[in-house]
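In mature numbering (1 follows the signal peptide of the UniProt record, and there is no 0), the protein residues as written are -29 to -1, 1 to 721.
For reference, the structure is listed below as structure tokens.
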């Protein structure tokens, strides 16, 4: 991705990191019979016969010429910007026939993806008096395209008070409906549209009679939370059920929001996503926030509609930012890992909502909660029982034995069902309170939930202590103390969330992913008025704000921790580090990339002309990689891409890797001189040539080469180092990750 240095673009870059922290997707679907389903068809734009007045006209003609089917065939969307082509409901036989048409590059089945389900700006060092906010005028000229569940426009976070006129050149419109009048849009929400053709095709009917709305109205909550986190206006006296009370504001309080509703009860379909990306690019957004991703390992780039659509966005100068995913803590779970996508992991901030478990033996064990009902008495000594001894350790609804849990605090293990739903199961069985205990998968990651009964979440260590106390005591008792909102440097922050998906990249281990981490746990932002804060049918509450989740040193000066393991985090977990908006306003050096670099990358991973055609939207010569990048611009390895980080894969037979990088001077000093410092693990050498970069002008570029060498085989583990350039004012640090391949095959996972 190209790195830019003007203040509006930089504020955009960092605020979009916060948009990208909360989504996964469902599995890849394939046709199993001749029932109709949606297919996405990539077409060469130049193949349109001249007698067709438009590509849409041509696509309609193609559909009509297919073999007849007893099922209706329908053109759903035409695409021009994100990809070139269309989507349609077809049988598998029709799709197979379509692949033979002149100009058709690829035909792939639609996929459905699923959403995961006020202190942040201060933690990031943002302030009105200095730095990124005032220098960028709070990003007033920036338009963020939010592709999500829609928006609840009446929330105060979306007020346009004090904003100037809509930026000139904006082409977007506001789609109105019975529950979304034209007045829903203003100078803050400057565009709104819903995309549901792919969803309705899968549904096989309409959504009439359901809670869903075919308008941009948000009936789920995630879209409103995401949009207000990024660009919410300043709202005084904001809180969630008296927690996190204070001033709420988005990361870019004057940025404009254009809403593209793509997610529905059955998921977010690629055909709708691509249509929304197409519209957003045409409307003139500067950044697309797309919080969806593949389930499990990422599919190959050419089969990943998000990766292909994001490539199209990059061709139009639009950055696409995505969550790394919520499949941590296992390695190689990061999704949305194409190098032209900004891939963001999730971290904590320095605000907590402590709710401690006090055991009958006097021990106090830390936990967190957003419970806001009648608390337990501080001196209460309620009987304590482990759910595994009372029917089911996960506390599924109806699984607990009422005679065993009635009147007691029940300890339930995390996993299997919604966290708040466990409390409902306890209540139905007659229990009085819940202690939600992490297992090994979540480790010490604590997520505060707005429980419906007195409840708290504890980490694995404390959970094990509580269970051991229950086993060893004849009469185990406890209470829960709710302590409200606490801000401070203990425990240190940030920490990487256990759920945050990790590297190394499952597709291209030579590209370090995720790129960065940003606050994504327990974030206060606007919420829908359609559902309660837990998004469960059993929750009747309605709130204006809700708290949900989505540098390499923490605020104590130490490398930040991974909440899953309790160990120090690594670049495979946090990428280049935690975002620091103010320092990035003046980075000193940047690493530029453009579309030609990405095509060279595709050549380096062995893509042929047919697969490359999917990205560039036109037929390519069979020898494109040889002719386009003959000597100039060719990459001997995907790691040679001019990426601002390094991921080195040593072959078991070859312990030598060389990469070249080009940096641009964007600092204020015309005659800047940068010296290099390297940090390498034992047994590995890092040599940089030259060791000094001398610039004589702004925007001047200089190249350097790095040689990584080793005679040591660390094939069962990863190692890490860094390369840092400094001119005495700026520090431009690139993390380096080292892995060893298995006899030239896939790299070993930790």
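Think of the CB as a built atom: it goes at the ideal place given N, C-alpha and C, for glycine as much as any other residue.
These numbers come from a predicted model, not from an experiment.
Within its own chain, the residues whose Cβ lies closer than 7 angstroms to the Cβ of residue 631, once the five positions on either side in sequence are excluded, are 611, 674 and 676, listed in chain order. Residue environment: residue 476 is assigned as buried (16 or more neighbouring CB atoms within 10 Å of its CB, all protein chains considered). The continuous stretches of alpha helix (DSSP H) do not include residue 648, which lies in the beta strand (DSSP E) extending over residues 644 to 650. Distance between residue 608 and residue 577, taken at the CA atoms: about 10 angstroms. Using a Cβ distance threshold of 9 angstroms, residue 649 and residue 692 count as a contacting pair. Assigned with DSSP and collapsed to three states, residue 82 falls in coil, not helix or strand. Residue environment for residue 542: buried (at least 16 other C-beta atoms within 10 angstroms of its C-beta).
The DSSP assignment places complete beta strand (DSSP E) segments of no fewer than 3 residues inside the segment 284 to 351 at 290 to 294, 312 to 318 and 326 to 330, in order along the chain.
Taking 8 angstroms as the upper bound for CB-CB distance, residue 184 and residue 131 are not in contact here, some 23 angstroms apart.
Counting only residues of its own chain and dropping the five nearest sequence neighbours on each side, residue 168 has a CB closer than 8 angstroms to the CB of 47, 48, 58, 242, 243 and 246.
For residue 562, the three-state secondary structure derived from DSSP is coil.
Under DSSP, residue 671 takes part in no beta bridge, so it has no partner.
If you ignore the 5 residues before and after residue 580, its C-beta comes within less than 7 angstroms of the C-beta of 591, 592, 593 and 595, all in its own chain and listed in chain order. Residue 19 has its alpha-carbon roughly 20 angstroms from the corresponding atom of residue 583. The three-state reading of DSSP puts residue 392 in helix, counting H, G and I together. Looking at the backbone, the Cα of residue 347 and that of residue 365 are separated by about 23 angstroms. By the Cβ test, the segment 372 to 381 is in contact with the segment 397 to 407, since at least three Cβ pairs between them sit closer than 8 angstroms.
In terms of Cβ geometry, residue 489 and residue 197 do not form a close pair [threshold 9 angstroms].
One Cα belongs to residue 690, the other to residue 623, and the distance between them is close to 15 angstroms. Residue state for residue 415 is assigned as coil, using DSSP reduced to three classes. Separation of residue 314 and residue 234 (C-alpha to C-alpha, rounded to the nearest whole angstrom) is 20 angstroms.
Residue 698 places its beta carbon 9 angstroms or farther from that of residue 647.
Contact check for residue 192 and residue 502: beta-carbon distance about 6 angstroms, within the 8 angstroms limit, so the pair qualifies.
Note on geometry: alpha-carbon atoms of residue 642 and residue 563 lie some 20 angstroms from one another. Between residue 156 and residue 148, the alpha-carbon positions lie close to 12 angstroms from each other. Annotation: residue 224 is outside any beta strand (DSSP E) and is labelled neither H nor E by DSSP. As a beta-bridge residue in DSSP terms, residue 77 pairs with 13. Per DSSP, residue 22 has no beta-bridge partner at all. Pairwise C-beta distances place the segment 276 to 294 out of contact with the segment 440 to 452, as fewer than three of them are shorter than 8 angstroms. Take residue 571, set aside five residues on each side of it, and the residues of its chain with a beta-carbon closer than 7 angstroms to its own are 600, 604, 605 and 606, in chain order. In the structure shown, the three-state DSSP call for residue 509 is coil. Ranked by how close their Cα comes to the Cα of residue 304, the residues 478, 22 and 669 have 478 in first place. The criterion of a C-beta distance shorter than 9 angstroms is satisfied by residue 227 and residue 115. In this structure, residue 262 lies near residue 118, with their beta-carbon atoms less than 9 angstroms apart.
According to the DSSP assignment, residue 450 belongs to the beta strand (DSSP E) that extends over 448 to 453. Less than 9 angstroms separates the beta-carbon of residue 172 from that of residue 45.
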